Ligand SMILES: Cc1cc2nc3c(=O)[nH]c(=O)nc-3n(C[C@H](O)[C@H](O)[C@H](O)COP(=O)(O)OP(=O)(O)OC[C@H]3O[C@@H](n4cnc5c(N)ncnc54)[C@H](O)[C@@H]3O)c2cc1C
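Numbering (the working numbering), first residue to last: 4 to 480.
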């Protein structure tokens, strides 16, 4: 991961850049093509902001048909393609190259159909995650996966990264709620995979598309499963003087057969940074805090919290704050969901995304602390504890190349540790650019070759997101 190498742009494409831009502008409506430098700058990076490259051009299709035309043109001109939703990827998945055309889905943001009887919604890929739930909240339904970036990130990006969120502990991640996609292939063909019916026959191509990080085609429409809202839901805060006790408590709750709807962990630094920004009423005098949410009827919630409280007391909890109102609950979640943004106000950071079995959380947290201390860097931990999906935010100064390298090396050690403890490199953010060169820590060369062979069936020339996911091989090689 350290000093991530960007691929060498194809000189033959760069030599034709002006001609390609002119051809794209001539073939597509003006409002769908961005060729001027200032306009292209807006697409040069994503939330992995340390890496940026000016794309050759940006295409913003308004329909599946325009997307198909865009891909046919890209193929005709032999350029690489970087699909893009809202650009909130923390792994550099939407960072372009100089020889690539960004195909952004932001203009395709309509909810096309909502069917409560059959429990699905059909939406365009550029619809934001939150707006799906907002569109049906008044009717008592919602879309469950809730990335903290849900105000901005698109459902297409969620499908590409198989995104998760705080409430995925109980409900599962994007793949558990995905029923179908409309995909535009490398050849510019439109393919429907899955749809409103449950469990369609045949091979599970949907399983391939979900989590493919935009390497198998561009998703333009999505069928998502929708669920009825629970009768009620209530979060509570549990503060501990010992961070390891808090993490042991997580495993004990799960081990007791209790499945709260969410169980989030924040350490002292994450609490302080977030509280200064969001004023969510978090306790500042604890080493670590769990936000646990239970849902159901009031007696069901009370009964579940009583069991959780017993376990928390056995693990030395000192502060317990049960939420008393809907406004208080909203403040608690506003804090948690703005934790990354609040951190970005005080420092540059890289956000790790490894998972570990919940039983290994105490050891994993200790080792994260040791790795970052050895690098002389501060780390704030805020993550989906119930899933063992850790997000150490390693703080550094992007203007200091030595410090950036130290941060990236520390991140690499943290992810290697996740694999060593029986977890994996990425729980929800994807591999992207960031973890590309670490894939060989998790997979053998044969396993990587198999994955690449599957990819080649969809994209034989390797044009979609070529520098991502798999360890980089220079084009000439
Ligand atoms: C503050 C913050 C908090 C976050 N919290 C969470 C969280 O709780 N859980 C979580 O899982 N993630 C989280 N993320 C990461 C990010 O929001 C998700 O990965 C999200 O799914 C990306 O969506 P996007 O629309 O921004 O996609 P982009 O960043 O634009 O793209 C992401 C990847 O998907 C591909 N892609 C995008 N659209 C399409 C498409 N239509 N067809 C094919 N490929 C496509 C891109 O090529 C790229 O590889 C967070 C990010 C930030 C900045």
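Just so you know, even glycine gets a beta-carbon here, dropped at the ideal spot from N, CA and C. Because the structure is a prediction, the values reported are computed rather than measured.
Look at residue 435 here: in three-state DSSP terms it is coil, with no helix or strand label. With fewer than 16 other beta carbons inside 10 angstroms of its own, residue 330 counts as exposed.
Excluding its 5 nearest sequence neighbours in each direction, residue 60 has C-beta neighbours in its own chain below 6 Å: 24, 27, 38, 104, listed in chain order. By alpha-carbon distance to residue 381, the top candidate from 387, 346, 357 is 346. Note: residue 187 is bridge-paired with 193, 221 in the DSSP secondary-structure output.
For residue 457, no beta strand (DSSP E) segment is defined; the enclosing uninterrupted segment is the alpha helix (DSSP H) at 448 to 461.
For the pair residue 158 and residue 439, the Cα-to-Cα distance works out to about 23 Å. For residue 99, no alpha helix (DSSP H) encloses it, and the DSSP letter there is neither H nor E. Of all alpha-carbon atoms in 166, 99, 396, 404, the one lying nearest the alpha-carbon of residue 390 is that of 166. Contact check for residue 323 and residue 293: beta-carbon distance about 10 Å, past the 8 Å limit, so the pair fails to qualify. Boundaries of the beta strand (DSSP E) harbouring residue 291: 291 to 298, taken from the DSSP string. Taking 7 Å as the cut-off, one finds no heavy atom of ligand 1 near enough to the beta carbon of residue 178. Cα atoms of residue 18 and residue 58: separation of roughly 14 Å, rounded to the nearest angstrom. DSSP places residue 174 in the uninterrupted alpha helix (DSSP H) bounded by 171 to 174. Among the bridge pairs identified by DSSP, residue 231 is matched with 144. Between residue 95 and residue 63, the C-beta spacing is not below 8 Å. For residue 25, the uninterrupted alpha helix (DSSP H) run begins and ends at 20 to 30, by DSSP. Contact holds between the region 241 to 257 and the region 358 to 372, because three or more Cβ pairs, one in each stretch, are under 8 Å apart.
Excluding its 5 nearest sequence neighbours in each direction, residue 365 has C-beta neighbours in its own chain below 6 Å: 247, 250, 251, listed in chain order. Just so you know, the alpha carbons of residue 472 and residue 162 end up roughly 15 Å apart.
Assignment of residue 442 by DSSP, reduced to helix, strand and coil, places it in the helix class. No Cβ-Cβ contact shorter than 8 Å links residue 119 with residue 102. Membership of residue 68 in any beta strand (DSSP E) is not indicated; the residue belongs instead to the alpha helix (DSSP H) covering 67 to 79.
Annotated three-state conformation of residue 177 is helix, per DSSP. Note: residue 62 is bridge-paired with 36, 106 in the DSSP secondary-structure output. Counting along the chain, the unbroken beta strand (DSSP E) around residue 354 starts and ends at 351 to 354. Going by C-alpha positions, residue 152 is about 11 Å away from residue 432. 257 is the residue among 344, 257, 135 whose C-alpha sits nearest the C-alpha of residue 360.
Remark: fewer than three beta-carbon pairs, one from each stretch, lie closer than 8 Å, so the region 337 to 357 and the region 311 to 320 are not flagged as touching. Pairing residue 350 with residue 332, the inter-Cα distance amounts to about 28 Å. In this structure, residue 187 keeps its C-beta atom at 8 Å or more from the C-beta atom of residue 225. Residue 182 carries a strand assignment under DSSP once its states are collapsed to helix, strand and coil. For residue 242, the enclosing beta strand (DSSP E) covers residues 236 to 243.
In this structure residue 14 is exposed. Its beta-carbon is surrounded by fewer than 16 other beta-carbon atoms within 10 angstroms. Nearest neighbour of residue 177 by Cα position, chosen from 285, 189, 147, turns out to be 147.
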